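What follows is a set of notes on a single structure, which appears directly below.
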Amino acid sequence: MRDPLTRTLLILTFVTGIVDVVSFLALGHVFAAMQTGNVIFLGLGVAGVSGAPVLAPLIALLAFLAGGTVGALLAHTTTPAPGNRLNLAMAAEVVLLGGAAVLAALADVNPGGLTAYVLIAILSVAMGLRNTIARGIGDPNLATTVLNLTLSAFVSSTPTGIASEPELALRAAAIAAILLGAIAGALLLKVGLALAIATAAAVVIVAAISSRRSSHA
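Quick note on the working numbering: the sequence shown kicks off at 1057 and runs consecutively.
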């Protein structure tokens, strides 16, 4: 992908795969980014299904909404340049993910425990903030945190009802990015939770550096 913004959003989509796998496998049945899944988990929990969580998906939903609110405020109070808004979002994401990695390294993390809930909140805030900014500046195929629209529109949204080759390539790249992120997250978790989250933060830093260099080129 030659477009710098598209490249940056694909990298962030990769990070989403890492973060959601970390959330699901290490913090309980919860997602930091995929809020549709959290609504389902919450419904199962409220219905009293054995083992289904209630508090974890509720925290994730509220934290994602809080992050989205912050993102919306940034979009309205900062310079309208898309790159500047995304850079701010990535800076905030690095801080949040970095803090989460430090917490994971220093504390015992068990699903259902206080530390796990704090981590869920931090990661969900980060995803909510970035999602709001990304949806406002990027291609609709690259929301970076959800692929529902990408999948459903895989062969649609054109006058003929069939997507063009560039659109198909972009949508396929988004799917591949989050899939590879999920694989990476699962492998990193075998080493440690802190490493997995720290790697996600490092990848965001790489995306931010690449974005800045492209903007000054």
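For every residue, glycine included, the Cβ atom is placed at its ideal position computed from N, Cα and C.
Nothing here was measured: the structure is a model prediction, and the numbers come from that model.
Minimum C-alpha distance to residue i - residue among the options
i: A1108; options: V1150, L1121, G1093; result: G1093
i: L1244; options: I1261, A1103, V1071; result: V1071
i: V1095; options: A1103, L1081, P1113, S1079; result: P1113
i: M1090; options: L1179, V1105, A1263; result: L1179
i: R1186; options: A1240, T1125, L1159; result: T1125
i: A1157; options: L1175, A1148, A1147, G1168; result: L1175
i: S1079; options: P1167, G1101, V1150, L1162; result: P1167
i: L1118; options: A1238, A1228, A1177, I1239; result: A1177
i: A1263; options: V1102, E1149, G1104; result: E1149
i: A1145; options: L1129, L1159, A1160; result: L1129
Local conformation of residue i per DSSP, three classes
i: M1090; result: coil
i: A1190; result: helix
i: H1085; result: coil
i: A1147; result: helix
i: P1109; result: coil
i: V1260; result: helix
i: V1075; result: helix
i: L1061; result: helix
i: G1123; result: helix
i: G1104; result: coil
i: A1225; result: helix
i: N1140; result: helix
Exposed unless 16 or more other CB atoms sit within 10 angstroms - verdict on residue i
i: I1253; result: buried
i: N1143; result: buried
Beta-carbon spacing of residue i, residue j below 8 Å
i: Y1173; j: I1239; result: no
i: G1127; j: G1169; result: no
i: T1069; j: A1233; result: yes
Residue-level contact to chain C via CB, residue i, 8 Å cutoff
i: A1131; result: No chain C is part of this structure, which consists of one protein chain only.
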